[in-house]
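Protein chains in written order, with this note's numbering: chain A, 11 to 301; chain B, 10 to 279; chain C, -14 to 345.
Backbone N, C-alpha and C fix where the C-beta goes; we use that ideal spot for every residue, glycine too.
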Amino acid sequence: MPRDTGLIERRHLLRGAAALPLSFALGQVHAAGAARIVSLGGALTEVVYLLGARSQLVGTDTTSLFPEAALKTAKVGYMRQLSAEGLLSLKPDAVVGTTEAGPPVVLDQVRSAGVRVELVKADHTWDEVQRKVATVGRVAGREREATALQADLDAQWAAVQKAVAAATRRPRALFILSHSGSPMVAGTGTAADALIRFAGGTNAITQFAGYRPLTAEAMASAAPEVLLNSTQGIEALGGEAAFWQRPELALTPAFRRKALVAMEASHLLGFGPRLPAAVRELHTRMQAITA
Amino acid sequence: MSASSLHPGYPLVCDQLGVGLPGRPLLATVHARLAPGRFTAILGPNGAGKSTLLSMLSGQRAPRSGSVSLGGRALSAMAVLELARLRAVLPQETAVAFDFTVQEVVEMGRFPHRQLPSRHEVRIAHDAMEATGVAHLATRGVNTLSGGERARAHLARALAQIWEPRPDGATRWLLLDEPTAALDLAHQHQAMALVRRWAVEQGIGVVAVLHDLNLALRYAHDTVLMGAGRCDVGPTGETLDAAAIARVWGVECSEVHASDGTPQFLVAAG
Amino acid sequence: MSGLAVVQPFPRRVPGRLSPRAALALGLALVLWAFVWGSTQGAYAITTAQLWQVLLQAVGAVPAPENAPEYLVFVNIRLPRLLMGVAAGAGLGLAGALMQGLFRNPLADPGLIGVSSGAALAAALTIVLGSYFLPDMPRTLGSWSLVITAFGGGLVVTALIYGLAQADGGTRIGLMLLAGVAVNALALAGLGYLNFISTDEQLRNIQMWLLGSLGGARWSAVALVGSLVAVACGLGLALARPLNAIALGEAQAALLGVPVERTKRLAVLVTALAVGAVTAATGIIGFIGLVAPHWVRLVAGPDHRVVLPCSALLGATLVLAADVVARTIVKPAELPLGVLTAFIGVPLFLAMLRQFRSKV
């Protein structure tokens, strides 16, 4: 990725002065980690709190809603549309985010001001969570806590995987993102698709990738046994009763048993430290409701 | 000195000019030599092709057949800007976009001269407005004026366009399409007297499409009479007689004489 | 026009209008004020004393300590953004005035010739299809891939609309208007389809691009957009007197010796150049091209020799001022500039319409 905001800065560097980290000018420095961190992404913020680095956290994005304390940090806006001066006004030493954070121009400008910017690739695997833990640990100077957390999470994950593998049934599930006009459902390659597989189900939609609207007929032929939604989504519709009144759901097997599993969005799809718990809950509830 | 001194000004020559709109029947064939220093009226009933002829004389429309030439050169061979320095056209109606004032509109007439401005640029616009009697409206928006005032403002613009004599002595031409249509009685005569004076005193060639026979008889030296499939050109007094009027317009009229001896026609009712 | 003499009964001053010199002076003063104000405002706190230090360092009057944060923030982030705002506002204001002169209608807008919708369609295409063909290239507001394709898209659509308007050996303005309406609708439909097939991330990127922002301003982009807008201004200002004459109607203008076809072509080209460059770098910033020339006309009259330059100056002022609000009102986050120009522009436009109604 070409970076050309460094025009003025490079001249300074070329003058031979050592490239001192900006953190010197911005505040005190921990021996190993950044004193002031901005976290872009709910999962990364959760990791920061779990590693005990909350005192180093100076700002988060709008998707960082858990734990509650995160709501009280300074908000830098939506992670895809950041403002360079806004980020820099918090005087961070480091910024962590996923590769979805942007625009890249702004991140380049932040880098050129001497701030360390580390991005984690989001690919909807368990590895993603591990990378998030490792990155935050590295940036915050809490590698020991990170390793411990990692081990703990790995153990949780292994246990969950075992429990899921033990189940005999693999329910057909369908995740609905939003319900305006035709329902938007999750195809392959989405976070929801990954969750369904992790939780021992099969995605009723295999024909397309990404989120697409689905007609009533296609919904009927997909024949999901259980429907998944976020609690925020159900709330937006006006409650579970209103949800089941949607005409396109009437022809699905899920409708007969009112098989709906609703979980809080960032918990379900955040791909953070709560992922093992989310998968366990999803698995248990899917099995129960399709029994 | 120059070649132009051999010619007494630049006549506007129509050489077998076919007058008609593309795709419509031919209205008339005009063969005429309009002389500088004279006021030529174009008369005829509606649909005879008067405005079409004027648009060909100004170079706005290409001839259907034949040619129009100015000083020996075909209009089609002349550059737009060069032509604009030699002749000014006053159309029947001009809607002006935006809120331009009268003096701004009159100054637009000086556009062709912007690369070689006169020493008296500012005075020209003022004098042109004085000449047509709109100087007191100089700072008014032209779209807020009455029809007659608007017409006089545009006449001032046309006059400003050809205000000063050409350095090479070429004739300037003033082409007017129904200039009196919106004017009240007094201003009709003032305007016609003004352009006739310009023709006589400054050697300008004036051509005007008129509806009023009596104005033509009083002010126009020559007449181009169109209608009934033919086109007669000649001095006004000879071209316009009761027989011609009856043939072209189909009305009976009787000739009278004004107190200064100018022939006028009274149309019989019915 | 000749210079002013000491006592001149003529040309008379029009009551209620600024003279050309006063209008230009006012325009320059406004831009300067907005630039200075914008220099002092921002999410990152820089005091006036610090700003003064930064300026001295920038011109080399004072030795610069390495990596001073205020210096880097101002010189790398805020200053290019301010300059981009000037270029964007000037380009949009000038283009709006040219279009209103060309269409002889004070409600005309550069979008009529399709440059904005063409740029938007090209940007959306790049964002969506680029993920299949060039997945590693960044495709968000400010990225070079988008700047190049959006600029190209704007020019292509403008050329298409211009071509559709050719009839009888010349450009028919009425045809251009209709072709513009049709092609704009098609581009909008194309955008809708791309919205439909896009992933969540692509959709957000498209929407953010459409809302417009000066956030992608880097020195290289500023240099590119600035030079293109400067060229456009140079070419455009020469159209002032021809556009005045065209207000009488194209036929009359031709009879006055105006090269009407060439004027129309140049006006369309300059507009496409200026608006295309600005839109490619900043997304869609609306209403500046509509509002700035109208205001200038209300204050200083419709002479294009005043309206063209003052629209550029006023446009720059409006964009700078709106951007200050955009980047400080919800700091440390930032509002998209296009949202603000609409929120501010629409009520102002309606107020102007009322005034316009009573004037005519």
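For residue i, three-class secondary structure by DSSP
i: residue 302 of chain B; result: It is not possible to answer for residue 302 of chain B, since the shown part of chain B is limited to 10 through 279.
i: residue 20 of chain C; result: helix
i: residue 133 of chain B; result: helix
i: residue 329 of chain C; result: helix
i: residue 96 of chain A; result: helix
i: residue 270 of chain B; result: coil
i: residue 241 of chain C; result: coil
i: residue 29 of chain A; result: Low per-residue confidence applies at residue 29 of chain A: pLDDT is 38, beneath 50, and the placement is therefore not dependable enough to give any value.
i: residue 223 of chain A; result: strand
i: residue 212 of chain C; result: helix
i: residue 192 of chain B; result: coil
i: residue 182 of chain C; result: helix
i: residue 228 of chain A; result: helix
i: residue 107 of chain A; result: strand
i: residue 90 of chain C; result: coil
i: residue 186 of chain B; result: strand
i: residue 96 of chain B; result: strand
i: residue 84 of chain A; result: strand
i: residue 135 of chain A; result: coil
Assumed close pair residue i, residue j - CB separation to whole angstroms, cut-off 8 angstroms
i: residue 51 of chain A; j: residue 73 of chain A; result: 6 angstroms
i: residue 133 of chain C; j: residue 195 of chain C; result: Contact doesn't hold; Cβ gap of about 18 angstroms is too wide.
i: residue 322 of chain C; j: residue 197 of chain C; result: 5 angstroms
i: residue 319 of chain C; j: residue 93 of chain A; result: 4 angstroms
i: residue 97 of chain A; j: residue 105 of chain A; result: 7 angstroms
i: residue 202 of chain B; j: residue 160 of chain B; result: With a Cβ gap of about 16 angstroms, residue 202 of chain B and residue 160 of chain B do not count as contacting.
i: residue 238 of chain A; j: residue 183 of chain A; result: 6 angstroms
i: residue 83 of chain B; j: residue 74 of chain B; result: The Cβ separation is near 13 angstroms, so there is no contact.
Residue i: contacting residues in chain B (beta-carbon distance under 8 angstroms)
i: residue -1 of chain C; result: 110, 148
Proximal chain C residues relative to residue i, where beta-carbon distance stays under 8 angstroms
i: residue 103 of chain B; result: 233, 234, 237
i: residue 67 of chain B; result: 240
i: residue 123 of chain B; result: 226
Amino acids of chain C, ordered along the chain, whose beta-carbon sits closer than 9 angstroms to that of residue i
i: residue 90 of chain A; result: 125, 186, 189, 190, 193
i: residue 181 of chain B; result: Per Cβ cutoff of 9 angstroms: no residues; residue 181 of chain B is ~14 angstroms from chain C at best.
Where residue i meets chain A, residues with beta-carbon distance less than 8 angstroms
i: residue 5 of chain C; result: Going along chain A, no residue has its Cβ under 8 angstroms from residue 5 of chain C, so there is no contact; the nearest lies around 38 angstroms.
Residue environment, residue i, which counts as buried when at least 16 other CB atoms sit within 10 Å
i: residue 56 of chain C; result: buried
i: residue 35 of chain B; result: exposed
i: residue 266 of chain B; result: exposed
i: residue 332 of chain C; result: exposed
i: residue 281 of chain C; result: buried
i: residue 95 of chain A; result: buried
i: residue 345 of chain C; result: Bear in mind that the predicted position of residue 345 of chain C carries a pLDDT of just 44, short of 50, making it unreliable; the figure below should be weighed with that in mind. It is exposed - the Cβ of residue 345 of chain C has fewer than 16 other Cβ atoms within 10 Å.
i: residue 222 of chain A; result: buried
i: residue 59 of chain B; result: buried
i: residue 182 of chain B; result: buried
i: residue 247 of chain B; result: exposed
Interface residues of chain A facing residue i [CB-CB closer than 7 angstroms]
i: residue 27 of chain C; result: 95
i: residue 24 of chain C; result: Within chain A, no residue comes near residue 24 of chain C; the closest Cβ sits about 12 angstroms away, beyond 7 angstroms.
i: residue 316 of chain C; result: 96, 99
i: residue 58 of chain C; result: 95, 98, 123
i: residue 212 of chain C; result: Those within 7 angstroms of residue 212 of chain C in chain A number zero; the least Cβ separation is about 16 angstroms.
Per-residue contacts from residue i into chain C (C-beta, under 7 angstroms)
i: residue 116 of chain A; result: 200
i: residue 98 of chain B; result: 240
i: residue 217 of chain A; result: What residue 217 of chain A touches in chain C: nothing, since even the nearest Cβ is about 14 angstroms away.
i: residue 90 of chain B; result: 242
i: residue 53 of chain A; result: Correct list: empty, because the minimum Cβ distance to chain C is about 16 angstroms.
i: residue 119 of chain A; result: 61, 62
Chain-ordered neighbours of residue i on chain B, where CB pairs are closer than 9 angstroms
i: residue 282 of chain C; result: 107, 108
Chain B contact residues for residue i, given Cβ-Cβ distances below 7 angstroms
i: residue 229 of chain C; result: 117
To test your reading of the DSSP string, which unbroken beta strand (DSSP E) runs of 3 or more residues are found completely within the segment 26 to 82 of chain B? Within the segment 26 to 82 of chain B, the complete beta strand (DSSP E) segments of 3 residues or longer fall at 37 to 43, 48 to 52, 74 to 79, listed in chain order.
So within the segment 201 to 267 of chain B, which uninterrupted beta strand (DSSP E) runs reach at least 3 residues, ignoring any that extend past its ends? Within the segment 201 to 267 of chain B, the complete beta strand (DSSP E) runs of at least 3 residues are 214 to 218, 231 to 236, 239 to 244, 262 to 266.
Unbroken stretches of the alpha helix (DSSP H), 4 residues or longer, contained in the segment 128 to 177 of chain C: Runs found: 129 to 149.
Unbroken stretches of the alpha helix (DSSP H), 4 residues or longer, contained in the segment 256 to 342 of chain C: For the segment 256 to 342 of chain C, the full-length alpha helix (DSSP H) segments reaching 4 residues or more read 273 to 285, 289 to 313 along the chain.
Length at least 4, wholly inside the segment 144 to 199 of chain A: the alpha helix (DSSP H) runs in chain order: Restricting attention to alpha helix (DSSP H) runs no shorter than 4 residues, the segment 144 to 199 of chain A encloses them at 153 to 176, ordered along the chain.
Runs of alpha helix (DSSP H) wholly within the segment 19 to 77 of chain C (minimum 4 residues, chain order): Qualifying alpha helix (DSSP H) stretches, in chain order: 33 to 43, 54 to 57.
Fully enclosed by the segment 104 to 130 of chain B, which alpha helix (DSSP H) runs are 4 residues long or longer? Fully enclosed alpha helix (DSSP H) runs of 4 or longer: 111 to 117.
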